[in-house]
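4 protein chains.
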Amino acid sequence: MSFNTFGKIFRFTTWGESHGPAIGVVVDGCPPKINLSEKDIQTELNKRRPGQSKFVTQRKEKDLVHILSGVFEGRTTGTPISLIIYNEDAKSRDYETIKDKFRPGHADFTYFKKYGIRDYRGGGRQSARETASRVAAGAVAKIVLKTLLGRSFSIIGGVTQIGPLMIDHNNWDDKQINKNNFFCPDKTSVATWEEFLLDIRKQGNSCGAVIELRAKGIPVGLGAPIYSKLDQDIASALMSINAVKGVNIGAGMNAAALTGDKNSDEIKSSKGKIKFRTNNAGGILGGISSGQDIVASFAVKPTSSILMARETINTKGKNTKISVRGRHDPCVGIRAVPIGEAMLACVLLDHYLMHRAQCG
Amino acid sequence: MSFNTFGKIFRFTTWGESHGPAIGVVVDGCPPKINLSEKDIQTELNKRRPGQSKFVTQRKEKDLVHILSGVFEGRTTGTPISLIIYNEDAKSRDYETIKDKFRPGHADFTYFKKYGIRDYRGGGRQSARETASRVAAGAVAKIVLKTLLGRSFSIIGGVTQIGPLMIDHNNWDDKQINKNNFFCPDKTSVATWEEFLLDIRKQGNSCGAVIELRAKGIPVGLGAPIYSKLDQDIASALMSINAVKGVNIGAGMNAAALTGDKNSDEIKSSKGKIKFRTNNAGGILGGISSGQDIVASFAVKPTSSILMARETINTKGKNTKISVRGRHDPCVGIRAVPIGEAMLACVLLDHYLMHRAQCG
Amino acid sequence: MSFNTFGKIFRFTTWGESHGPAIGVVVDGCPPKINLSEKDIQTELNKRRPGQSKFVTQRKEKDLVHILSGVFEGRTTGTPISLIIYNEDAKSRDYETIKDKFRPGHADFTYFKKYGIRDYRGGGRQSARETASRVAAGAVAKIVLKTLLGRSFSIIGGVTQIGPLMIDHNNWDDKQINKNNFFCPDKTSVATWEEFLLDIRKQGNSCGAVIELRAKGIPVGLGAPIYSKLDQDIASALMSINAVKGVNIGAGMNAAALTGDKNSDEIKSSKGKIKFRTNNAGGILGGISSGQDIVASFAVKPTSSILMARETINTKGKNTKISVRGRHDPCVGIRAVPIGEAMLACVLLDHYLMHRAQCG
Amino acid sequence: MSFNTFGKIFRFTTWGESHGPAIGVVVDGCPPKINLSEKDIQTELNKRRPGQSKFVTQRKEKDLVHILSGVFEGRTTGTPISLIIYNEDAKSRDYETIKDKFRPGHADFTYFKKYGIRDYRGGGRQSARETASRVAAGAVAKIVLKTLLGRSFSIIGGVTQIGPLMIDHNNWDDKQINKNNFFCPDKTSVATWEEFLLDIRKQGNSCGAVIELRAKGIPVGLGAPIYSKLDQDIASALMSINAVKGVNIGAGMNAAALTGDKNSDEIKSSKGKIKFRTNNAGGILGGISSGQDIVASFAVKPTSSILMARETINTKGKNTKISVRGRHDPCVGIRAVPIGEAMLACVLLDHYLMHRAQCG
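Residue numbers (the numbering used here), protein chains in the order written: chain A, 1 to 360; chain B, 1 to 360; chain C, 1 to 360; chain D, 1 to 360.
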């Protein structure tokens, strides 16, 4: 059982609501003697921070992280690392007009039905603000992985689709990702996306996105079949992110359309090194990493808080209409890139430790 | 940690290899005083059983299940239910020719690299034979859910795509599913699929498939955010099935291409009943069931054991070719239908019990 | 796996070091709609607070608790309750003289050997200060239990032995417990204990204690055999408290000396009510509560930080002597009473929820 | 959650009832490539087997264990090891006379109240027969520990008290333990115990016992504070054994009566080796192993199934008397020795793997 905890050995527990005094995360199971500073974590948080372009929410938060425990004289001690981010720009008044109505496509409805209580301020616990805690935990995981796996290790994510507009995978260039407002690896897509999103915003509408993650330098053997498969835990991690509706590993859903001879990645040995001709498996066979790059992607649905009027009911069950004002992302998927990276980092570290436990 | 255990309160642990004396599952956390017989479980197992048509493996197994514990005078006692299926038709000799080679796209390679040991007989623990244990556990879950939720509850799955050939969802008819060899809900697809698969088999090739699952009669409120979301656990459950590479909830990956006004399901109250206009959410909002049907789908990659010659390496790292003879499914996705149903049943029951724990 | 998390459904995760900026706890799995305020929690914390008499450490801490999440308009929301206590009186300089030496009987040595790093300030994570977090979590559990079980429910703890001096159990009087400095239920023991402890303190020595806990109003049926037995989880909970070396349920270790006819508690029905003649079982049979009072006791070893000089080694492995100055409890067992109560409350609530999950 | 599963990384799940077709255990998380045979496990089971002297139950069971999975060509594969023991001598008729009555001190009552159903045949799941599964799992753990830790590792247990009769600890001699019917390490106690037990048996009564366990060759650093302390998990493991009511680590409950200077074990370095002068800590400081021998003891209450007539109620709540005929142990504590050893072995291996996970 782990309502608000993720992971098996490297575990993190997040807490906090959008409009409470703070949010935070407790990271447990971190190996000792790893160099770790607030600055390291802040760097990752800054990627997720809202208000950085007109394509994301205008909520202004510095999202400054503080380490409250688990680090002594700049190194992890092996005890829980408590990280806190104080909330600053929490305008509850934005939510007064919708406090008795359920936003279609939003967890407002189900939280109220489940718990019989509603923290209407910014969605309370459902708020995507919770994902800052994940990014903080993921920052720790990334640093530990770099320390343990060395320089060959990296995780990078990019947006590959906004609305119906996909990138050309042949154009993927890691270096482009941080050069535009969309974490887009294909520079030929940027202008089109910009135009499309400006239009969406003008309509008071929103749109979905697909994010692709790639982890390099992952050793063969991570993954614990049958029910802690590496791909299973990646699917779990990514599907736990707000608004995610689909997860692919390697060829993913497209694997269905392939034949066996096209799909299975042939193996070649060359000068003592094992190479695969293709990577439809996304670096995972039978739930265990094969030494290839880990490739996973996920779809984020359009933001449900939109300006356009929609039919809904209120908390008393009466029919009504809703139109959500305030500072919302027209495409929440963009900011999901660092969150996806963080979750993937946590899963990989967790499995690294699990593998070390069982197989030495 | 749970290498071979799935679930949180309703938990099952599977064990056994393809070519060992038996396989089995221990089901724990089952509510007491539920009527349960071997026959109930056998009915589900029979759906998965191989050798039922020319489109699935010709391995002949009766897959007879025995209850070894946890049931007294026809009712569950609340203690572990141990189920065993003896292996019958285990021809290890089929595997002699490939015992030193890795099948491309198969877990042969990663198991060997991870554990340093290889049970080459039919894949050992990686074998899809393990899924019989899941179906047995799922049979128990279904019976419990029927007892707890009543007649409105049902789970049904169908194949919606074989290779590149998709059904027309408008033709979906539950009653068709058991009337053909493919669990196909659209009778207009059956002939085309048959032709396609005969051709695939003739080539010594294989193909992928997509399976869609629907659960009806699920109460609102199941799902434990943030890290035991109902959709997260469904994704984990389905991705744990052999050969699955993608999982969708509701609109799934297609949600990326939608706009907010198209994607979010409007709510209407009518005569005291809450209705949603659409079900892009797949019955889950913020990780919690909304009372709509739960809809999930998953892609199964083509079988990696094929007759066509493929390049690979052997256990000594030398380049070689492999061609797998023997009794393999040309489209392993077909037999994934009862497995998907079983996993979904287990997740739903688990969340029902979890919800009852926290919210009474 | 749960290095710093306790519990199964009602779970809490503690974090923080003796001399860091703060300590805290995240309480997860709490039922929704329970009235909860900081004041409720503070009341329990005040019982554990140091500096309240000359028989406990003179460290001065107000131990003010703040609720950072999980409570909305005075009621729990079902989401994680984050509680924080800022550290105030953290004199690291007290520890400079012993920073390179290991205190005999202290976890200094093992933490250093395990993690290869030492937070010498007040023991860092090993510090009994962590137990404030437990008391805070336990305060939440108590309030939930009172809400769910009603007025018949209570948990009370008392010190029954200090050094070699035991109370007379026939004199047990709940009302006495808060009338003296020792949580002593037998008023005839107070004066002797006071004298004994003054002498111990004068010697620069310390002594052990036994604490007995009693929970009333616990329904029959809590406890999940075989490996989540109620007594097993109580033993785990109490043994996890710093310095605890023994745990008894009911007659405990003394049960060994009894014969079957003396030990087993005979059952009588009277006017439709079930009564037991004795309670050697401590209210637990086969790991499940019987409806009798739950009775458990535990032994706390003498504080290892004492003024008397002791032989030891330093971090370089050289022989040396150590004498610990500073503000230490001569009998740390006294302050273990609210901690034991807190842990027992958490276990009972956890099992209440678990029982509700499986048995409805 | 883990109703019938014990452990975190090295985990075992037991199943089966006293009078069902079989009992068994699934061992998960076992490291791969460990030599393991049925004979290895049988050796441990034979120690626990009933019917070996007149001082234990006369139930005749060969308790033959079969490995159903997880071992290939004599070595563990890293996948679940399923072990089964078929029940042979299950005389349900012995229980007919008591099927509607509750045995005082027995779990009959609480199981019935919890689950609403009663498997009266030999106690069903409550039966001590379940402990054979633990011994089998512990046998695996012992073999793995021997492989990983080498020849310096050993676990040995002995009975140190029967009824009120304690051994003289100065006489402890490992070699005596298997030379008598009581696993008694002090040969001077054997004759007295024999006389005492014959008398108990003649009365149709029963008596309790204390068992002490010692593990040698355990490296420093095992144990994961705060809530997976090594002593906490040992307490949990031992308290989970049927009829256990108290657990001590090192000095245990007796630590309460000691002063700090007597209790804390002084440390000395000699020729580069660290020595402790005493071992009141039982080899565990702050929940982490210190490198000293691990010493734990536990009390087993007298068997509750006795011939002497006792007052009780029946399943309808009516007052009645009960007198239990049949084949019961006069001192069930004797057969608890191999069970305690098994549980300790499982905890130690689990912590070894956990330590390896976090600290490499």
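Just so you know, even glycine gets a beta-carbon here, dropped at the ideal spot from N, CA and C.
Keep in mind that this is a model prediction, so the values were computed, not measured.
*Of all the options 247/A, 128/A, 66/A, 355/A, which has the alpha carbon lying nearest to the alpha carbon of residue 219/A?*
Ranking the options by Cα distance to residue 219/A, first place goes to 355/A.
*Can you name the residues of chain D whose CB is closer than 8 Å to the CB of residue 255/C?*
Residues of chain D with a Cβ closer than 8 Å to the Cβ of residue 255/C are, in chain order, 208, 245, 246, 299, 300, 301, 302.
*With DSSP as the reference, please indicate the residues paired to residue 161/C in a beta bridge.*
The partner list for residue 161/C (beta bridge, DSSP) reads 166/C, 210/C.
*So which residues of chain D does residue 1/A contact, with C-beta pairs closer than 8 Å?*
Neighbours of residue 1/A on chain D, chain order: 1.
*Helix, strand or coil: how does DSSP classify residue 218/D here?*
Correct three-state label for residue 218/D: coil.
*Runs of beta strand (DSSP E) wholly within the region 30 to 83 of chain C (minimum 3 residues, chain order)*: The region 30 to 83 of chain C contains these whole beta strand (DSSP E) runs: 65 to 67.
_Within 10 Å of its beta-carbon, does residue 64/D have 16 or more other beta-carbons around it, so buried, or fewer, so exposed?_
Counting other Cβ atoms within 10 Å of its Cβ, residue 64/D stays below 16 and is therefore classed as exposed.
*residue 166/A versus 177/A, 188/A, 156/A, 145/A, residue with shortest Cα-Cα distance*: For the residues 177/A, 188/A, 156/A, 145/A, the minimum Cα distance to residue 166/A belongs to 188/A.
*Under 8 Å between beta-carbons, which chain B residues line up against residue 75/D? List them in chain order, please.*
Those are 117, listed as they occur along chain B.
*From which residue to which residue does the alpha helix (DSSP H) around residue 244/C run?*
Counting along the chain, residue 244/C sits inside no alpha helix (DSSP H); it lies in the beta strand (DSSP E) bounded by residues 244 to 249.
*Are the region 22 to 30 of chain A and the region 73 to 87 of chain A touching by the rule of at least three beta carbon pairs closer than 8 Å?*
The way I'd put it, the region 22 to 30 of chain A does touch the region 73 to 87 of chain A; three or more beta-carbon pairs between them come closer than 8 Å.
*Where do the ends of the alpha helix (DSSP H) carrying residue 24/B lie?*
Unbroken run through residue 24/B is the beta strand (DSSP E), 22 to 28; no alpha helix (DSSP H).
_When you compare the region 303 to 311 of chain C with the region 93 to 106 of chain C, are there three or more beta-carbon pairs, one atom per stretch, that lie closer than 8 Å?_
Yes, the region 303 to 311 of chain C touches the region 93 to 106 of chain C.
*Taking residue 160/C as the reference, give the member of 329/C, 153/C, 154/C, 169/C with the closest Cα.*
Ranking the options by Cα distance to residue 160/C, first place goes to 169/C.
*Return the residues of the region 1 to 26 of chain D that lie within a Cβ-Cβ distance of less than 8 Å from chain B, sorted by chain order.*
Hits within the stretch, in order: 1, 2, 3, 4, 5, 8, 9, 11, 13, 14, 15, 16, 17, 20, 21, 22, 23, 24, 26.
_CB contact check: residue 124/A to chain C, cutoff 8 Å_ = Residue contact check for residue 124/A against chain C: a CB pair falls below 8 Å.
*Expected contact under 8 Å - CB spacing of residue 287/A and residue 229/A to nearest Å*: Going by Cβ atoms, the distance from residue 287/A to residue 229/A rounds to 3 Å, so yes, they are a contact pair.
*the region 242 to 249 of chain A in contact with the region 250 to 262 of chain B per 3-pair CB rule at 8 Å*: Contact holds: three or more Cβ-Cβ distances are below 8 Å.
*Taking 8 Å as the CB-CB limit, is residue 28/C close to chain A?*
By the rule that beta-carbons nearer than 8 Å mark a contact, residue 28/C touches chain A.
*Same chain, Cβ closer than 8 Å to residue 173/C, neighbours up to 5 away in sequence not counted*: Within the same chain, residue 173/C has close Cβ partners 185, 186, 187.
_Only counting the same chain, and skipping five residues up and downstream in sequence, which positions put a Cβ closer than 6 Å to that of residue 235/D?_
Annotation for residue 235/D: 247 place their beta carbon closer than 6 Å to its own, counting only its chain and skipping 5 residues before and after.
*Leaving aside the five residues before and after residue 128/B along the sequence, list all residues of the same chain whose C-beta is less than 7 Å from its C-beta, in chain order.*
Its chain contains 242, 332 as the residues whose beta carbon lies nearer than 7 Å to that of residue 128/B, once the 5 sequence neighbours on both sides are disregarded; these appear in chain order.
*Closer than 9 Å, Cβ to Cβ, to anything on chain D: give me those residues from the region 276 to 287 of chain C, in chain order.*
Going along the region 276 to 287 of chain C in chain order, one finds 276, 277, 280, 281, 282, 284, 285, 286, 287 with a Cβ nearer than 9 Å to chain D.
*Where residue 320/B and residue 264/A are concerned, what is the direct C-alpha to C-alpha distance, given to the nearest angstrom?*
Across the structure, residue 320/B and residue 264/A are spaced so that their CA atoms are roughly 16 Å apart.
_Interface flag, residue 103/B vs chain C, CB-CB below 8 Å_ = Closer than 8 Å: no.
*What are the start and end residues of each continuous alpha helix (DSSP H) run of 4 or more residues lying completely inside the region 248 to 323 of chain B, in chain order?*
DSSP runs (the alpha helix (DSSP H)) wholly in the region 248 to 323 of chain B: 260 to 263.
*Comparing alpha-carbon positions, which option in 226/C, 296/C, 48/C lies nearest residue 134/C?*
Nearest option by C-alpha distance: 48/C.
*Would you mind reading off the limits of the alpha helix (DSSP H) that contains residue 16/C?*
First-last for residue 16/C: 11 to 16, but that is the beta strand (DSSP E), not the alpha helix (DSSP H).
*Check the Cβ-Cβ distances between residue 223/B and every residue of chain D, and say whether any is below 8 Å.*
It does not: the Cβ of residue 223/B has no partner Cβ on chain D nearer than 8 Å.
*Under the assumption that residue 211/B contacts residue 116/B (Cβ atoms under 8 Å), give the Cβ distance between them as a whole number of angstroms.*
Taking the Cβ atoms as the reference, residue 211/B lies roughly 35 Å from residue 116/B, outside the contact range of under 8 Å.
*Simplified DSSP assignment, three categories, for residue 240/A*: Judged by DSSP in its simplified three-state form, residue 240/A adopts coil rather than helix or strand.
_Beta-carbon contacts of residue 152/C that lie in its chain and below 7 Å, excluding the five residues immediately before and after_ = Once the five neighbours on either side are set aside, the close Cβ partners of residue 152/C are 216, 217.
*asked:* Check for me: the alpha helix (DSSP H) holding residue 138/A runs from which residue to which?
replied: Counting along the chain, the alpha helix (DSSP H) containing residue 138/A begins and ends at 131 to 149.
*Listed in chain order, which residues of the region 134 to 146 of chain B have Cβ atoms closer than 8 Å to some Cβ of chain C?*
The residues in question: there are none.
*Per DSSP, which residues does residue 224/A bridge with? Please list them.*
228/A.
*Candidates 198/B, 126/B, 181/B: closest to residue 23/B by CA position*: Selected option, being the one with the closest Cα: 126/B.
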